[in-house]
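Heads up, the sequence shown is in full-length UniProt numbering, so the first residue is 1 and it goes up one at a time.
Where a beta carbon is used, it is the ideal one built from N, C-alpha and C, also for glycine.
Shown next, in structure tokens, is the structure this report addresses.
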Amino acid sequence: MCAGKQYTKLDSVVYENGKKDGGAGHIVTMYENNRCGLRVVLCKIPGAMCSLEIIVPTLATDDKGTAHALEHLVLRGSKHYPHCGYLTAFMQRNYCAGRNGMTCADHTVYVASAISEKAIGRLLPVYLDHVINPLLDPQQLPTQVYQINDQGHEGGVVYNEMLSREDKPDDIVIHTMLKKLYPDHSPYAHYPGGYTGLLSTITHKEIVDFHSEFYDPCNITVVIAGSVTEEHIISEVLEKIPPDRFTTQCKSTWGRHCLQHRGKSPRSLK
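Below, the structure is given as structure tokens:
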């Protein structure tokens with residue numbers, strides 16, 4: 001069960017769909033950091049490309065779009081890599097691409113892809129630091145979320161993104177139905193992207209508090225799919241990250257699951 005000093009192997013399953021081409025199935029293995037609770041899932045899938053997802057369970061509590069605003073600020077500098085744009089330049093130099101973030105009613109996910117296991121291994125500590133320890137520079141709030149320029153025109157990256165979406169008939173129908181189906185305290189009753197009329201009310205403190213509540217390592221799952229091995233990703237990459245790099249306060253247990261290892265042999269997952 002033990003993978004190393006910092007990480008413990010929790011469970012391993014075989015994804016049956018991997019057998020459709022005569023293969024042995026795709027082995028999916030989960031690990032957990034013994035100190036901060038960060039979970040890592042390795043999906044062994046043949047092929048040159050590797051994909052990375054960092055999944056953060058987050059809750060939409062209103063229609064302001066705080067989670068969406070935070071998503072746009074997270075990857076713009078971190079505690080150990082403070083320069084805005086460093087992550088993009090680092091990815092380009094290491095043959096990584098597809099950096100993006102997506103905000104939903106019950107989670108936020110950050111994605112990337114790379115040409116090899118070694119490339120994704122080099123990216124992982126840098127990407128994780130941006131997600132867990134972002135600078136959240138208040139000076140970037142007007143540009144990334146909402147502002148009124150010197151000509152009196154509204155703008156901002158999030159504002160322009162939602163302006164192009166919130167009046168679409170399918171969005172209107174879907175979110176009207178969700179508000180009818182779910183009570184107000186449910187995250188599914190709210191518009192996770194934020195309505196343009198409410199984006200201006202988001203404060204920097206609300207964004208910082210939201211990150212503090214939900215972006216705790218014990219609430220985050222990292223999923224890596226491709227030709228990956230425990231020896232490289234866990235032993236050579238994650239085990240070498242200083243233990244104090246990712247501290248935990250466990251303020252939120254949203255999305256946290258009780259996982260137990262059910263034997264030494266991989267179980268089948270259809």
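DSSP, reduced to helix, strand and coil, places residue 49 outside both helices and strands of the structure shown, so it counts as coil. Comparing alpha carbon positions, the residue from 237, 210, 218 and 248 closest to residue 65 is 210.
Between residue 104 and residue 183, the CB-CB gap reaches or exceeds 9 Å.
For residue 196, the enclosing alpha helix (DSSP H) begins and ends at 196-199.
Secondary structure note for residue 33: it is in no alpha helix (DSSP H), and the uninterrupted beta strand (DSSP E) holding it is 26-33. For residue 250, the secondary structure class from DSSP, reduced to helix, strand or coil, is coil.
Contact between residue 130 and residue 74 holds: their C-beta atoms lie close to 6 Å from each other, under 8 Å.
Here DSSP, grouped into helix, strand and coil, assigns residue 229 to coil. Residue 207 and residue 152 have their alpha carbons spaced roughly 25 Å apart. Less than 9 Å separates the beta-carbon of residue 81 from that of residue 87. Straight-line measurement puts the Cα of residue 178 at about 13 Å from the Cα of residue 63. Look at residue 100 here: in three-state DSSP terms it is strand. For the pair residue 229 and residue 42, the CB atoms are nearer than the 9 Å cut-off. Between residue 121 and residue 232, the C-beta spacing is below 9 Å. Nearest to residue 227 by C-alpha distance, out of 76, 45, 70 and 136, is 45. For residue 222, DSSP records a beta bridge to 40 and 54. Secondary structure note for residue 212: its alpha helix (DSSP H) is the uninterrupted segment 204-214. In the three-state reduction of the DSSP assignment, residue 188 falls in the helix class, which pools H, G and I. The beta carbon of residue 146 sits closer than 6 Å to the beta carbons of 156, 159, 199 and 200 from its chain, once the five residues preceding and following it are set aside; these are given in chain order.
With respect to residue 119, residue 99 sits apart: the two C-beta atoms are not nearer than 9 Å. Sequence-distant Cβ neighbours of residue 36 in its own chain, meaning closer than 7 Å and more than five residues away, are 217, 218, 246, 247 and 248. Contact between residue 187 and residue 59 holds, since their C-beta atoms are separated by about 5 Å, short of 8 Å.
With a threshold of 16 other beta carbon atoms within 10 Å, residue 16 falls short and is exposed. Residue range 108-114 is occupied by the beta strand (DSSP E) that includes residue 110. Bounds of any alpha helix (DSSP H) do not take in residue 145, whose DSSP letter is neither H nor E.
Under the three-state reduction of DSSP output, residue 88 falls in the helix class.
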